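In this note's numbering, the protein residues as written are 1 to 297.
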C-alpha cells in the first residue's frame, strides 16, 4: 500500500456555481476565499473551456506551495450549458487520491483517460493511461451504461474495478463515478473520484434517483472525520431539505450549491461548526433523473 506522503498537509476544498448567460458566465455562489493572482486567470480560462467544449474540464495548477486541482462540471440542458460547478482542491493530492476524466473516443466505442490528477501515484497514472473501458465494463463503463452516479468500495477487492490490484497498492479504497451528459443528451464523459479511507474530496457523498413514488437515496459514503453526529446526517428535516434541493436542480435543469447550517450534537465537533456546510447537487438529466449530492465544510 502506498502511504500518504504528507498526511499532515492541509486540505482545502472550495466550490462555486456559475450560471452562463448569453454574454458571460455569472457567478451565482462565491468561493469561500477570493480567487486572486494567477489562479484568477486560470479560473477564467477554465470557465471558457467548459463553455466552448460543453464538457467537463479537469486541470492541475502548480504553485510554490501546493498542487491545486480544478474540476469544472457542466450541466447541459437542450444543448446549452445551464450551469457550471467549479471545485478547487488544494492539498488533496498530497493524500492517496485521484481525480480522473474518462472521455468517449472518436468512434464512441470506449472510454479513454482524457485527464487525471494523481499526486505521487505515478504508477497508477501510468496503468490508467493504457486502460480503455467499453460500455458496462469497470466503474467508468458501468457508470456510462447506467447513466447515473455510482459508488464502489472497497476497490481493491471488487471484481468490477478493473484496476483493483493497482488501486490496492496505491491505497485507494473508494470510488465515485459521475456521468457527464453532452449536448445531445448522450454520455460525453465519466468523472471518477478515487480515494483512500480518508476520502478528502468531501465530508459525505449521497446518490439519489427519482422513482415513480418520489426520490430514493441509493447510496451514502461518509468520510471518517468529525462531521457531526452521524444521526445528524439522517434526520428528517435535513432529508427534506436535500430532497427540495434535488427537485430544484431537476426543475431548473441546473446544478445547485446551497449553504446550510450544520446539524451537530453538543458532543460532536465539526469542521463547519463555526459556519455552515455547503451542499452541492449535480443532476444527471437523463430519462431517469438522478443526482450526486456531496457536502463540504
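A virtual CB, placed ideally from N, CA and C, is assigned to each residue, including glycine.
What you are looking at is a predicted structure, and each value in this text was computed from that prediction instead of being measured.
Contact annotation, residue 39 with residue 29: C-beta distance approximately 18 Å; criterion of less than 8 Å not satisfied. At a Cβ-Cβ threshold of 9 Å, residue 98 and residue 164 do not count as neighbours. Pairing residue 248 with residue 127, the inter-Cα distance amounts to about 40 Å. Counting the other Cβ atoms within 10 Å of the Cβ of residue 100 gives 16 or more, which makes it buried. Here residue 166 is not bridged, per DSSP, to any residue. Beta-bridge pairing by DSSP links residue 217 to 208. Straight through space, the alpha carbons of residue 210 and residue 281 are spaced by roughly 14 Å.
By the criterion of a C-beta distance shorter than 7 Å, residue 80 is surrounded by no residue of its chain, once the five residues flanking it on both sides are discounted. For residue 151, the uninterrupted beta strand (DSSP E) segment begins and ends at 150-152. Taking 3 residues as the shortest admissible run, the region 44-101 contains the following complete beta strand (DSSP E) segments, listed from N- to C-terminal end: 57-62, 67-77, 80-90. Residue 256 is not a Cβ neighbour of residue 238, given a cutoff of 9 Å.
If you ignore the 5 residues before and after residue 135, its C-beta comes within less than 7 Å of the C-beta of 141, 144, 145, all in its own chain and listed in chain order.
Residue 170 places its beta carbon 9 Å or farther from that of residue 205. Counting the other CB atoms within 10 Å of its CB gives residue 259 a total below 16, which places it among the exposed residues. Of 96, 67, 31, the smallest CA-CA separation from residue 198 is found for 96. When only Cα atoms are considered, residue 219 and residue 243 end up about 14 Å apart. Apart from the 5 residues on each side of it in sequence, residue 154 sits with its Cβ closer than 6 Å to the Cβ of 173 in its chain, given in chain order. Distance between residue 166 and residue 276, taken at the CA atoms: about 37 Å. In the DSSP assignment, residue 106 falls outside any alpha helix (DSSP H), carrying neither H nor E.
Bounds of the beta strand (DSSP E) holding residue 134 are 132-134.
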